[in-house]
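*Asks:* Residue numbers (our numbering), protein chains in the order written: chain P, 1 to 161; chain Y, 162 to 353.
Even for Gly, the Cβ is constructed at its ideal location relative to N, Cα and C.
Dropping a structure here in structure tokens format, bear with me for questions.
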């Protein structure tokens, strides 16, 4: 058993993390090696002194300040988080409703102008799922025109157009 | 009044886990008992890590507020002490991040300790050890204090300082070696 091996094992030994066999070997070595024994003694003394270091105390007013903080600060939770922001929600909701209304009106009530374009095969071959659009395309073709009136679905859906 | 005395006595006899259950049910007496039980131990560790009385006390306060507010998040799979120390060291890291430009754990001035008068027999060794611990790098200092002063097993230290167990052991052992280098002549050690 050499010093190098014992020094490798000195911290596990100190922490009680060696096997019974290893402990026996280490202790046998320590009994005959002053250098290793001194080193272990030093670590043990540091540990013993560390265990007995004075317990420090916060200020005398610590508990009073803590209680005051706990009384002042409400318990936080998801609901209190949302509740704290109720004013923001209350303000945002009407704004969102008004904005949605404006956007809907601007896209649905304002008739889009019809557009006369050169007919191309793309539009002729398009099979719209809307019977109304299909009607427009067929009607234009039956008139013998080579132009197609393209009507946006939303605008055409409005019968007043 | 008689009932209050009986409850207070019961709370004193409760172990940490029982106290946590009472705190979960909103028992402020149990919380007071928990504060009494841990405030000095935690303050000692926080002071020795931060080396600042006010900082340590602020972190201690935030820790207990979190313990009270987050008590429902406590899982009995962990020891209460480990859970509280984990909160405390998280708070400390968070505090230090906010204070980073002005506060460094490795470069802060030393303040006088507010402890009982030292015993003349071992006073010198304690002062030397306090000074040597203070000079350790912050990571080693935390790990050493948790192990050798607070007595946590390595597994708990790894949880508290959020690192693998091997790293926790390595930090404690490096701290021990550094302390031996500095204090060998006071504590009777040879050269490693």
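For my contact list, residue 340 (chain Y) and residue 46 (chain P) are in at a C-beta cut-off of 8 Å; report their separation, rounded to the angstrom.
*Replies:* Right, the Cβ-Cβ distance comes to about 5 Å (below 8 Å), so this counts as a contact.
*Asks:* State the start and end residues of the unbroken alpha helix (DSSP H) segment that holds residue 319 (chain Y).
*Replies:* Counting along the chain, the alpha helix (DSSP H) containing residue 319 (chain Y) begins and ends at 315-322.
*Asks:* Under 7 Å Cβ-Cβ, which residues of chain P neighbour residue 292 (chain Y)?
*Replies:* Here the premise fails: no neighbours, minimum Cβ distance about 12 Å.
*Asks:* Do you know whose CA, among Y:226, Y:250 and Y:230, lies nearest residue 302 (chain Y)'s CA?
*Replies:* Comparing Cα-Cα distances from residue 302 (chain Y) to each of Y:226, Y:250 and Y:230, the minimum goes to Y:250.
*Asks:* Classify residue 71 (chain P) as buried or exposed, calling it buried when 16 or more other Cβ atoms lie within 10 Å of its own Cβ.
*Replies:* By the 10 Å Cβ count, residue 71 (chain P) comes out exposed.
*Asks:* Going by DSSP in three states, residue 238 (chain Y) sits in which element: helix, strand or coil?
*Replies:* Residue state, collapsed to three classes: coil.
*Asks:* List the endpoints of the continuous alpha helix (DSSP H) containing residue 32 (chain P).
*Replies:* Its alpha helix (DSSP H) spans residues 20-32.
*Asks:* Hey, how far is the Cα of residue 317 (chain Y) from the Cα of residue 64 (chain P)?
*Replies:* Approximately 31 Å between the Cα atoms of the pair.
*Asks:* Thinking residue 333 (chain Y) and residue 304 (chain Y) are a contact (beta carbons under 8 Å), I'd like their distance in whole angstroms, please.
*Replies:* About 5 Å; that satisfies the 8 Å criterion.
*Asks:* Which chain P residues sit within Cβ distance under 7 Å of residue 334 (chain Y)?
*Replies:* Simply 11.
*Asks:* Does the region 216-225 of chain Y come close enough to the region 193-204 of chain Y that 3 or more CB-CB pairs lie under 8 Å?
*Replies:* Contact holds: three or more Cβ-Cβ distances are below 8 Å.
*Asks:* Within 10 Å of its beta-carbon, does residue 101 (chain P) have 16 or more other beta-carbons around it, so buried, or fewer, so exposed?
*Replies:* Exposed, since its Cβ has fewer than 16 Cβ neighbours within 10 Å.
*Asks:* Comparing alpha-carbon positions, which option in P:6, P:94 and P:15 lies nearest residue 44 (chain P)?
*Replies:* Of the candidates P:6, P:94 and P:15, the one whose C-alpha sits nearest the C-alpha of residue 44 (chain P) is P:15.
*Asks:* By a C-beta neighbour count over all protein chains shown, 10 Å radius and 16 as the cutoff for buried, is residue 32 (chain P) buried or exposed?
*Replies:* By the 10 Å Cβ count, residue 32 (chain P) comes out exposed.
*Asks:* By Cβ distance below 7 Å, which residues in the same chain neighbour residue 276 (chain Y) in space, the five residues on each side in sequence not counted?
*Replies:* Because the pLDDT of residue 276 (chain Y) is 46, which lies under 50, any placement of that residue in the model is unreliable, and the question is left without a value.
*Asks:* Measure the Cβ-Cβ separation of residue 183 (chain Y) and residue 203 (chain Y) and say whether it is below 8 Å.
*Replies:* Cβ distance not < 8 Å, so residue 183 (chain Y) and residue 203 (chain Y) don't count as in contact.
*Asks:* Using beta-carbon positions only, say whether residue 290 (chain Y) and residue 49 (chain P) come within less than 8 Å of one another.
*Replies:* A contact, by the Cβ cut-off of 8 Å.
*Asks:* Is there contact between the region 341-349 of chain Y and the region 307-316 of chain Y, where contact requires at least three CB pairs shorter than 8 Å?
*Replies:* As far as the Cβ criterion goes, the region 341-349 of chain Y does not touch the region 307-316 of chain Y, which means the pair count is below three.
*Asks:* Counting along the chain, where does the alpha helix (DSSP H) carrying residue 3 (chain P) start and finish?
*Replies:* First-last of the alpha helix (DSSP H) with residue 3 (chain P): 3-14.
*Asks:* Label residue 19 (chain P) either buried or exposed according to how many other C-beta atoms from any shown protein chain fall within 10 Å of its C-beta, with 16 as the threshold for buried.
*Replies:* Result: exposed.
*Asks:* Do residue 310 (chain Y) and residue 4 (chain P) come within 8 Å of each other at the CB atom, strictly closer than that value?
*Replies:* Cβ atoms of residue 4 (chain P) and residue 310 (chain Y): not closer than 8 Å.
*Asks:* Quick check on residue 310 (chain Y) - is its C-beta less than 8 Å from some C-beta in chain P?
*Replies:* So, interface residue.
*Asks:* Just checking my contact of residue 7 (chain P) with residue 42 (chain P) at CB under 8 Å: how many whole Å lie between their CB atoms?
*Replies:* Not confirmed; about 12 Å, so no contact.
*Asks:* Rounded to the nearest angstrom, how far is the Cβ of residue 201 (chain Y) from that of residue 57 (chain P), given a contact under 8 Å?
*Replies:* Going by Cβ atoms, the distance from residue 201 (chain Y) to residue 57 (chain P) rounds to 5 Å, so yes, they are a contact pair.
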